[in-house]
Amino acid sequence: MLHPRNQPFPEHLLDFSILVVEDCAATNKIINKLLLADGFKNIHAVNSGKDAISYIESTVKLPDVILADWLMPEIDGLQLLEYIRCAGSHCIFIMVTVLDHQDDVMLAKAHHVDGYIVKPVTRRKLIEEIEMSVSRLSIAHD
1096 MLHPRNQPFP EHLLDFSILV VEDCAATNKI INKLLLADGF KNIHAVNSGK DAISYIESTV
1156 KLPDVILADW LMPEIDGLQL LEYIRCAGSH CIFIMVTVLD HQDDVMLAKA HHVDGYIVKP
1216 VTRRKLIEEI EMSVSRLSIA HD
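Shown next as structure tokens:
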């Protein structure tokens, strides 16, 4: 597969497991289609933060990447992020949201978000943010 700069997408990233947490069915479907089109195979999607926590608690291995909407009923993306970080998880957490104010970005970063995508989600935004988040995490662990 080719990423936005028409280079082969790094093969090791295609093996990543991805959890998509999005309450809007249309956006959830778009994100899944974009990931599948780029060759990702291990994608699980849920419709709420509550379902995400249930999935995480029932799985043996946490996903490598979580793409989560911020504005969801019951448990929002920020609460989900706090849950993940309090559990000691080092998975990549990328917030996907309509919130584009600098204060929102800073609040997410204060909660240790790894990436931030402002909707609408495009292939370019999605792939570049995954690549940059993986790269930042790799540098931080070196």
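Take the sequence shown: its position 116, counted from the start at 1, is 1211 in the numbering used here, and no numbers get skipped. Beta carbons: idealized from backbone N, C-alpha and C, even for Gly. Fair warning: this is a prediction, and the values are worked out from it, not measured in the lab.
In the three-state reduction of the DSSP assignment, residue 1167 falls in the coil class, being assigned neither a helical nor a strand state. Three or more beta-carbon pairs separated by less than 8 Å are not found between the segment 1123-1130 and the segment 1143-1159, which leaves the two stretches without contact. Counting only residues of its own chain and dropping the five nearest sequence neighbours on each side, residue 1111 has a CB closer than 6 Å to the CB of 1159 and 1160.
Using a C-beta cut-off of 8 Å, the segment 1177-1185 makes no contact with the segment 1194-1203, since fewer than three inter-stretch Cβ pairs fall below that distance. In its chain, beyond the 5 residues on either side, 1163, 1164, 1165 and 1190 have a beta carbon closer than 6 Å to the beta carbon of residue 1172. Around the beta carbon of residue 1205, fewer than 16 other beta carbons sit within 10 angstroms, so the residue counts as exposed.
One thing to note: residue 1115 has its Cβ no nearer than 9 Å to the Cβ of residue 1132.
Per DSSP, reduced to three states, the secondary structure at residue 1229 is helical. Membership of residue 1140 in the beta strand (DSSP E) is indicated by the continuous run 1137-1141. In this structure, the alpha-carbon of residue 1145 lies about 11 Å from that of residue 1118. A direct Cα-Cα distance of roughly 19 Å separates residue 1192 from residue 1138.
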